[in-house]
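Asks:
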Amino acid sequence: MFKGTKGVLVTDIDNRVLIPLREDTDITYYGLPNQDEVSKPIGSIRTEWFNACIDNLKTACDFDYAGKMIETLTLGLVAHNAGKELVYDARSGMVTNDPGLIVFWLRITVKVGF
73 MFKGTKGVLV TDIDNRVLIP LREDTDITYY GLPNQDEVSK PIGSIRTEWF NACIDNLKTA
133 CDFDYAGKMI ETLTLGLVAH NAGKELVYDA RSGMVTNDPG LIVFWLRITV KVGF
């Protein structure tokens, strides 16, 4: 889920829903991407990632994007568990508005035995 100034975008691999924040919000500018803007399927997602790991091939959802997506989703979970908004500095990997929130981050990201 991505929250912008005009609305919220809820998406997964195959679907997306754009929800305006206010009744007077104009989202008519938003349209689906053209077919030439969408990456062509390279195979199943597992096959794509496996091949990319062993042969340095491209995936439809590359590692850089996936890493940032996982970080964003985990930070959303941290904010939800803490019950408050957090400000995150991606360069340092730290929550800047409440250092105590790192407890929630560590509880999610550090698993004993891995």
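Throughout the sequence shown, residue numbering follows my numbering, covering 73 to 186 in sequence. Every residue gets a Cβ at the ideal spot worked out from N, C-alpha and C, and that includes glycine.
(1) Find the nearest neighbour of M73 within the set D170, N169, N123 and E143, judged by alpha-carbon distance.
(2) Could you check which residue in R163, G148 and L93 has the C-alpha nearest to that of K156?
(3) Applying the criterion that 16 or more other CB atoms from any shown protein chain within 10 Å of the CB defines a buried residue, is T131 buried or exposed?
(4) Using 8 Å for Cβ pairs, my map puts I99 next to G79. What's the rounded Cβ distance?
(5) Between which two residues does the alpha helix (DSSP H) harbouring T77 extend?
Replies: Quick look at the numbers:
(1) E143
(2) G148
(3) buried
(4) 6 Å
(5) Looking at the DSSP string, T77 is not in any alpha helix (DSSP H), and its letter there is neither H nor E.
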